[in-house]
Amino acid sequence: MIITNKTLPRRTFLRGLGTTLALPLLDSMIPASALRASARQAAKSPVRLGYVYTPNGIIGCSDKSPKPLMWTPKTVGANFEFSPTMKVLEPYRESVNVFSGLAQVTGRALGDGPGDHARATATFLTGVHPYKTGGANFKLGVSADQIAAKELGRFTQLSSLELGLEPQPLAGNCDSGYTCAYMSMSWRAETTPMPAELNPRAVFERLFGDGESTDPAARRARLEEQKSVLDYISGSLSRLRGSVGAGDKRKLDEYLEAVRDIERRIERAEEQNVLTQLPHMERPSAVPDHYEEYSKLMIDLMVIAWQTDMTRVASFMMGRDGSNRPYREIGIADGHHSISHHQNDMERVEKLIKIDELHTQLFGYLVQKLKDTSDGDGSLLDHSITVFGSSLSESNIHTHDDLPIVLAGTANGQVKGNRHLLYPKETPLNNLLLNMFDVAEVPNVEGFGDSTGRLTGL
C-alpha cells in the first residue's frame with residue numbers, strides 16, 4: 007500500500023501474505039473539508055443493523071406467564087424501571103428501548119398443527135408462515151437482514167454476516183414435520199436459507215483472510231506456522247503509522263489489540279480441542295467449551311466486522327429454537343427446551359429465569375462492546391441499531407404475541423432511547439423491522455411479510 011499525505015480512502019486495507027486487514031474509521035479518512043457541516047453530514051458513519059435471537063421464549067413477557075413481570079417493565083414511557091431480567095441493561099438506558107405488544111402471528115399453527123419452535127425461528131425476521139414440509143420443497147420469504155444486505159452490501163466486502171452457536175442442518179425433520187431448514191432465521195430468497203457460521207476460526211478467516219486469492223496455500227501456511235495475521239502486514243502497518251496523527255495511532259493500537267485478542271482466544275480453544283481426548287466423538291476445532299466464552303467470542307467477531315465496515319448487517323442466534331442445551335456453567339443440567347415446558351413448576355421456572363438472565367447479560371455484553379468501540383465522531387452503539395428477542399413469549403404454551411423485544415443503539419441520533427413503548431396487541435414485529443430499514447437508509451421497502459406499516463412514536 008502506498009501512503010501519502012492525502013486523505014486515506016475509507017476502504018483502506020493492509021495486505022500481506024494470505025492476509026487482508028480492513029481498517030476502522032480513522033480521522034485521516036475524513037477530508038479537511040468535512041469540518042464544514044455539509045461535508046460532515048456526507049462523511050457520517052453508516053448505520054449498522056443487528057439481529058440477535060434468543061431461543062425458547064422468555065419468562066415474564068406475557069400475562070400468561072407464572073411470573074408476568076420478570077421481563078415486562080411495570081411502567082410505560084420514559085425513565086421506566088427495568089424489570090429483574092433486564093436489569094443488566096440499566097447502564098445503557100439512554101440507548102435502549104423496550105417494546106411490548108408486538109407479535110409474529112405467522113408463527114402460530116394456522117391449521118398446520120404442532121411445530122412452534124420451527125415456526126418461531128422461521129418467522130422472526132420474515133413474518134411469513136412457513137410451508138409445512140419435511141422435504142426439500144420448503145418455502146418461506148426473504149428475511150429482514152437479507153433485504154437490508156441486498157442494499158447495504160453494495161458498499162462492503164461482505165453483504166452480511168450470519169453467526170450462531172448450534173448446528174442448523176438444511177435437511178431432515180427438526181420439529182413435528184417441519185424441515186430443519188426452518189431453523190435458519192436468515193433467508194436470502196423464499197427457498198434459500200442462510201445457515202449461521204458456527205466456527206469462530208472460519209469467521210476470522212472470512213474477515214481477515216485474503217479474499218482475492220483462489221489459492222489457499224498462503225493462508226494454510228500461515229495457519230500451520232501459528233503466526234498472527236498482524237505479523238504479515240507489519241511493513242504496511244509501519245508505513246501507515248508513520249503517516250497518521252496521535253489520535254489515529256491510538257485507534258489503530260486499540261483495533262489491533264482487539265484483533266490479536268480474538269486470535270489468542272481462538273488459538274486457546276483450538277489447543278483445548280486438541281488436548282481433550284473424547285472417545286467416539288468428533289470435536290469441532292476452534293469452538294470454546296463454555297457457552298458464555300463461545301458467545302462472547304462470536305459477539306467480538308460481529309463487532310470487529312462492523313468496526314472495519316466489512317459488513318453493515320449481522321445476525322446472531324444465541325441458540326436454536328427447541329434447543330435442549332444444558333447450561334451447566336450456571337448450574338442447570340436440564341435441557342433448555344425440556345424445562346421451557348414448565349407446566350407452572352416453579353423450580354423449572356426459576357431455572358428458566360437464570361437462562362433468560364444469561365442471554366440478556368450476553369446481549370448487554372454486545373451493547374457494552376459497541377459502546378466501547380470508537381467509530382468516527384462517536385461509538386458503534388451510536389451508529390447502529392440492534393434488535394434482540396424471540397418470536398416466542400411463553401414457551402410453555404407456545405404463544406407468539408407479547409414478544410420480548412429490545413432495541414439497542416441510536417442510529418446516528420435518529421432513535422431516542424430510555425423508553426418502554428407499548429403498542430396494541432398483535433402489532434406485527436415486522437413493523438419495527440421496517441423502521442430499522444429507514445434509519446439505515448434501505449430504500450423502497452413499503453412492506454414485507456405481515457407488516458401493516460411503520461411503528462409510530464419511535
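Each residue of the sequence shown is one higher than the one before, counting from 7 in this note's numbering.
Cβ coordinates follow ideal geometry from the N, Cα and C atoms, glycine included.
Quick test of your reading: residue i and residue j, contact by CB under 8 angstroms. State the CB separation rounded to the nearest angstrom.
{"i": "Gly133", "j": "Pro332", "result": "With 8 angstroms as the limit, Gly133 and Pro332 do not qualify as a contact, their Cβ atoms being about 32 angstroms apart."}
{"i": "Tyr297", "j": "Glu335", "result": "6 angstroms"}
{"i": "Thr416", "j": "Met92", "result": "Not really, about 18 angstroms apart at Cβ, beyond 8 angstroms."}
{"i": "Tyr59", "j": "Ser396", "result": "6 angstroms"}
{"i": "Leu204", "j": "Pro173", "result": "7 angstroms"}
{"i": "Asp327", "j": "His135", "result": "The Cβ separation is near 15 angstroms, so there is no contact."}
{"i": "Leu171", "j": "Met308", "result": "In fact, because the Cβ distance is near 12 angstroms, the residues do not count as touching under 8 angstroms."}
{"i": "Ile268", "j": "Asp237", "result": "Wrong, their Cβ atoms sit about 15 angstroms apart, outside the cutoff."}
{"i": "Leu213", "j": "Ala320", "result": "That pair is no contact at about 11 angstroms."}
Kindly list the residues whose CB is nearer than 7 angstroms to the CB of residue i, restricted to its own chain and excluding five residues on each side of it in sequence; keep chain order.
{"i": "Leu32", "result": "Leu14, Val250, Asp254, Lys257"}
{"i": "Asn436", "result": "Gly133, Phe454, Gly455, Asp456, Ser457"}
{"i": "Gly423", "result": "Arg99, Glu100, Ser101, Val102, Asn103, Thr416"}
{"i": "Trp193", "result": "Thr132, Leu146, Gly147, Val148, Ser149, Gln152, Pro199, Met200"}
{"i": "Asp362", "result": "Ile64, Ile65, Thr91"}
{"i": "Ser344", "result": "Asn330"}
{"i": "Asn441", "result": "Arg460, Leu461, Leu464"}
{"i": "Asp181", "result": "Gly121, His123, Ala124, Gly328"}
Who does residue i pair with in a DSSP beta bridge?
{"i": "Gly56", "result": "Ala320, Thr392"}
{"i": "Tyr333", "result": "Ile338"}
{"i": "Arg425", "result": "Ala84, Asn103"}
{"i": "Leu108", "result": "Thr433"}
{"i": "Ala115", "result": "None; Ala115 has no bridge partner."}
Should residue i go down as buried or exposed, given a rule of 16 or more other Cβ atoms within 10 Å for buried?
{"i": "Glu211", "result": "buried"}
{"i": "Asn103", "result": "buried"}
{"i": "His347", "result": "exposed"}
{"i": "Met352", "result": "exposed"}
{"i": "Thr282", "result": "In this prediction, Thr282 has a pLDDT of 43, which is less than 50 and means its spatial position is unreliable; what the coordinates show is noted afterwards. With fewer than 16 Cβ atoms within 10 Å of its Cβ, Thr282 is classed as exposed."}
{"i": "Ser399", "result": "buried"}
{"i": "Phe322", "result": "buried"}
{"i": "Glu96", "result": "exposed"}
{"i": "Asp381", "result": "buried"}
{"i": "Glu168", "result": "buried"}
{"i": "Arg247", "result": "exposed"}
{"i": "Pro120", "result": "exposed"}
{"i": "Ala28", "result": "buried"}
{"i": "Lys138", "result": "buried"}
{"i": "Asn418", "result": "buried"}
{"i": "Pro430", "result": "exposed"}
{"i": "Ser34", "result": "buried"}
{"i": "Gln349", "result": "exposed"}
{"i": "Asp69", "result": "exposed"}
{"i": "Phe144", "result": "buried"}
{"i": "Asp216", "result": "With a pLDDT of only 49 at Asp216, under the threshold of 50, the placement of this residue in the model should not be trusted, and no figure is reported."}
{"i": "Thr127", "result": "buried"}
{"i": "Asp221", "result": "Confidence at Asp221 is low in this model, with a pLDDT of 46, below 50, so its placement is unreliable and the value that follows should be read with caution. With fewer than 16 other Cβ atoms within 10 Å, it is exposed."}
{"i": "Gln155", "result": "The amino acid at residue 155 is misidentified as Gln; the sequence shows Ala. Counting Cβ neighbours within 10 Å, Ala155 comes out buried, since at least 16 surround it."}
{"i": "Gly178", "result": "exposed"}
Does the distance between the C-beta of residue i and the nearest non-hydrogen atom of the ligand GTP fall short of 8 angstroms?
{"i": "Ser244", "result": "Because no ligand of any kind appears in the structure shown, any question about the ligand GTP cannot be addressed here."}
If you drop the 5 nearest sequence neighbours on each side, which residues of the same chain put their C-beta closer than 6 angstroms to that of residue i?
{"i": "Glu288", "result": "Low local confidence applies: a pLDDT of 35 at Glu288 is under 50, so the model's placement there is unreliable, with the coordinate-based value given in what follows. For Glu288, where only same-chain residues beyond five positions count, there are no Cβ hits under 6 angstroms."}
{"i": "Pro52", "result": "Arg318"}
{"i": "Gly159", "result": "Ser165"}
{"i": "Phe86", "result": "Pro79, His426"}
{"i": "Pro449", "result": "none"}
{"i": "Val265", "result": "none"}
{"i": "Thr129", "result": "Gln110, Thr112, Gly113, Ser397"}
{"i": "Ser219", "result": "Unreliable placement is indicated for Ser219, whose pLDDT of 38 sits below 50; the coordinate value is still reported in the next sentence. Cβ neighbours of Ser219 beyond the five flanking positions: none."}
{"i": "Ile411", "result": "Phe105, Leu108, Gly395"}
{"i": "Glu157", "result": "Val448"}
{"i": "Leu387", "result": "Ser101, Leu376, Lys377, Gly415"}
Can you find the residues in the same chain that come closer than 8 angstroms, C-beta to C-beta, to residue i, ignoring five residues on each side of it along the sequence?
{"i": "Ser385", "result": "Leu376, Lys377, Asp378, Thr379"}
{"i": "Ser89", "result": "Gly66, Leu75, Met76, Trp77, Thr78, Pro79, Lys80"}
{"i": "Ala43", "result": "Low per-residue confidence applies at Ala43: pLDDT is 47, beneath 50, and the placement is therefore not dependable, though the value from the model is reported in the following sentence. Contacts found: none."}
{"i": "Asp340", "result": "Pro332, Arg354, Lys357"}
{"i": "Gly337", "result": "Lys360"}
{"i": "Leu303", "result": "Pro206, Ile268, Arg271, Ile272, Ala275, Pro294"}
{"i": "Val445", "result": "Val53, Ile391, Ala417, Asn418, Gln420, Val421"}
3 or more residues per run - each beta strand (DSSP E) lying fully within the segment 338–415: Runs found: 390–395, 411–414.
Contiguous alpha helix (DSSP H) assignments of at least 4 residues, all confined to the segment 138–225: Considered as a whole, the segment 138–225 harbours 150–158, 206–214 as its complete alpha helix (DSSP H) runs of no fewer than 4 residues, in chain order.
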